[in-house]
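Numbering-wise, the sequence shown is residues 1 to 696 according to the UniProt record's numbering.
Okay, so here's the structure we're looking at.
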Amino acid sequence: MAKTLVIVESPAKAKSISKFLSNNYTVKASMGHLRDLPKSQMGVDVDNDFEPKYIAIRGRGDLIKELRAAAKTANKILLASDPDREGEAIAWHLGHLLGLDLAEKCRIEFHEITKPAITAAIKHPRQIDSSKVDAQQARRVLDRLVGYQLSPFLWRKVKKGLSAGRVQSVAVRLICDREEEIREFIPEEYWTLTASLKSEGGVFSAKLARKGEHRIAIASEEEMQKVLQELADQTYRVKDVRTKEKKKQPSPPFTTSSLQQEAHRKLNMSPKRTMMLAQQLYEGIELGKAGGIGLITYMRTDSVRISETAQEEAKEFIAEHYGADYYPPEPRQFKSKGRAQEAHEAIRPTSILRTPDSVKEFLSRDQLRLYRLVWERFLASQMSAAVLDTLTVEVEAGEYLFRANASTVRFPGYLAVYEDGQDENDDQEEGTLAANIQPDESLNVLQLQEKQHFTEPPPKYTEASLVRKMEEEGIGRPSTYAPTIETIQSRGYVAKEGKQLSPTELGEIVVSILKEYFPEIVDLEFTANMEKRLDDIEEGALPWKAVIRDFYGPFAESIEEADQVMGKVQIEDKVSEEICENCGRNMVIKMGRYGKFLACPGFPECRNTKPLLEEVGRPCPDCGNPLVIRRSKKGRKFYGCSTYPECEFVSWELPAPEPCPKCGGLMVVKTSKQGQKYVCTNSECRFDKQVEEQAE
């Protein structure tokens, strides 16, 4: 019987799809791209209208032979790579390698790996979308032109091994600009005043908000003392009590960007790990007797659209498990930002009936955590708004007005399932109010608490906030966020300390060079505009080579001019007192992917390296020698004794200066939004106390 050959990208996807198809179908995996530009040369003929030179990727020869052999025995071939530009290009390259007629309908596309989706896709094949392919080719050629000409320039002028890229360099610039803002930031003093007030209903707190008709801003202790003097003899009276109903709407289901951000906030996952796990959930998980099933829809998307089928299934689930009140009057539709691909859907579970608990036994810990996040966010997005009762109390004291706010949940709606995570720098302070506070009620002042503050610089980027910034500025696309952040760290331009990203000295030097000699390469508006032009190519509105021509002329001139004008940049390594035990030289401090380390300056003759041990100002709890910061193979920071291996003490958390006063066990520093505290590690004790001053 005649066979149909279906080619997907990964073996996991091939295995999942096979179970939905009859024996008349053979499913094979291409393992991603089989053709690409060569690594050994630029591979773009700038003298022949930027014609790319594609070659078979090294090591893929046997796989290409296998696919060609399978294609010869099939009467029909369907190319089922991912539903995006990259997937379209993979299908196009496969078509060339297998000698297919690209005018034929040989391309199928699906956004979830379920039987209905696969069956529908096979029934409706289409031609390869040449505009999508052109957009991918334009991006690939642009990136190659920049990378293969700008990187050698940096090798000549700074040092070997550096790289620059159209998107990665802008990402490094964002981090450098933020670092500069932080360095130049001048803190400004301000004071707040909180009144502890007693009404007939109980005690509550209110903050000083106005003087007369104007918002009050207290800039010094002298000003605060003047306010306190003026308040000394005042009577406090409830001026106004306002109650209001407030509806809180759910967030839309996840896009690639919002999934990466929320997984970072709630699960402490890097964008790279989030995408790896999402890929596994999309391609298929073995669910016992049911076999391999894709649990979520395609994970590279900027759309928040939801199919009617998924909405109907969610509606029935909500009615059955929560009640009719938890479903809104009309199905929710969310509007995507900008030029999102509306043919795609948001990231959602392929079936809301596959609850996290029902598939728990088949998933790894992190797969389950991410699936639960996707499942809960989607379900919540289809539910009723939460209804809050907000209460505002205004208290008059002479010319001064104090204000207190509180809210209670009257109807939880979607909050019964999911609440959005908050960034560490998000302040959402709201107090509680005593019941039955009445207008004109006289109040007793229990305490006036003045507090000095200083304005803080903008926070350093985290991987999540950098993804958000890149999305806001139109830098890159859903498929590029995670690899870009991975690249800038692996190149040594950016270092991660905890969750925070900081530029290395090398990163700042490279960005300053690019700003001076190649301003467009690191210009946010220029880069975002290029993304828009790539979108225009995909929509068939622009020929791709015209976009390359417009870019390359000025870029080539910039390279030539910078080569003539710019001198060699010397980056001096800081010399340490540590002696290399192999050759006797003083070792130097270098910056790597996971921070600073010691290296012998005799490289390449001497390749000795060792960790740079930073003392933390605490004694080792076991032997009393200095504690130092060490790093795991994956770059995670931990604390250990400086005399290792003689003393083997290690701890992921910073030990407290003294042992537990209750049991004598090890105390460690724990940090939360409420501040820092010392916590005993003895599970039978768990004594804790707040740290009055910030721990190191």
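Built from N, CA and C at the ideal position, the CB exists for glycine as well.
query	result
From G201, I175 and Q136, pick the residue whose C-alpha is nearest to that of L524; which is it?	I175
Considering only residues of the same chain and omitting the five flanking positions on each side of E693, which have a CB-CB separation below 8 Å?	Only weak support exists for where E693 lies, its pLDDT of 48 falling under 50; the value from the coordinates is given anyway. Excluding positions up to five away in sequence, the list is empty.
What's the call for H344, buried or exposed, on a 16-neighbour Cβ count within 10 Å?	buried
Count the other CB atoms, across all protein chains shown, that sit within 10 Å of the CB of G507; report buried if there are 16 or more and exposed otherwise.	buried
Please classify H453: does DSSP put it in a helix, a strand, or coil?	strand
Whose CA, out of D240, S351 and K211, lies closest to the CA of Y371?	S351
Where DSSP assigns a beta bridge to I55, which residues make up the other side?	D36
Only counting the same chain, and skipping five residues up and downstream in sequence, which positions put a Cβ closer than 7 Å to that of E614?	V628 and I629
Taking C-beta to C-beta, are F402 and K207 nearer than 8 Å?	yes
Which whole-angstrom value describes the C-beta separation of E531 and G474, a residue pair presumed to lie in contact below a C-beta threshold of 8 Å?	5 Å
For E538, is the classification buried or exposed, using 16 other Cβ atoms within 10 angstroms of its Cβ as the cut-off for buried?	buried
Spell out a yes or no on whether the region 319 to 339 and the region 378 to 393 are touching, meaning 3 or more CB-CB pairs, one atom from each, closer than 8 Å.	yes
Enumerate in chain order the residues of its own chain whose CB-to-CB distance from P253 is below 7 Å, with the five nearest sequence positions on each side excluded.	V304, I306, A346, I347, R348, R377, F378 and S381
Locate the alpha helix (DSSP H) running through I537, then write down its first and last residues.	L524 to E538
Taking the C-alpha atoms as reference points, what is the distance between V133 and G165?	21 Å
Output needed for H33: all residues of its chain with C-beta closer than 7 Å, excluding positions within five of it in sequence on either side, in chain order.	I57, I90 and H93
Suppose you measure from the CA of M1 to the CA of T119; what does that come to, to the nearest Å?	Since pLDDT at M1 reaches only 48, below the 50 mark, its modelled position is unreliable, and no value is offered.
Determine the direct distance from the alpha carbon of I485 to that of L612, and round the result to whole angstroms.	24 Å
Please determine, among N582, C606 and D573, the residue with the shortest C-alpha to C-alpha distance to K590.	D573
Nearest by alpha-carbon distance to A69: which of K315, S130, I548 and T26 is it?	T26
Assuming R173 contacts V511 under a Cβ cut-off of 8 Å, what Cβ separation, rounded to an integer in Å, is found between them?	5 Å
Taking the alpha carbon of S131 as the point to measure from, which residue in A541, M587, I64 and E308 has its own alpha carbon closest?	A541
How long is the line joining the alpha carbons of V393 and E230, rounded to whole angstroms?	22 Å
Who are L388's beta bridge partners in DSSP?	K246 and V409
For V445, I'd like the list of residues in its chain whose CB is within less than 7 Å of its CB, leaving aside the five on either flank, ordered along the chain.	A195, L197 and Y236
Quick check: what's the CA-CA separation for Q438 versus G201?	9 Å
For E441 and A397, I'd like the C-alpha separation in whole angstroms.	12 Å
Keeping to the same chain, check which residues put their C-beta closer than 6 Å to that of M299; ignore five residues upstream and five downstream.	A278, Y282 and I347
Flag this pair as yes or no: are the beta carbons of R410 and L433 separated by less than 8 Å?	no
With H, G and I counted as helix, E and B as strand and the rest as coil, what does DSSP make of S199?	strand
Check this for me: beta carbons of A103 and Q137, under 8 Å apart or not?	no
For R144, I'd like the list of residues in its chain whose CB is within less than 7 Å of its CB, leaving aside the five on either flank, ordered along the chain.	L37, M42, G43 and V44
For E396, does the three-state DSSP call read helix, strand or coil?	strand
Where do the ends of the alpha helix (DSSP H) carrying Q690 lie?	Per DSSP, Q690 belongs to no alpha helix (DSSP H); it is in the beta strand (DSSP E), D688 to Q690.
Quick one: what's V628 bridged to in DSSP?	E615 and G640
Does the beta-carbon of K53 have 16 or more other beta-carbons within 10 angstroms, so that it is buried, or is it exposed?	exposed
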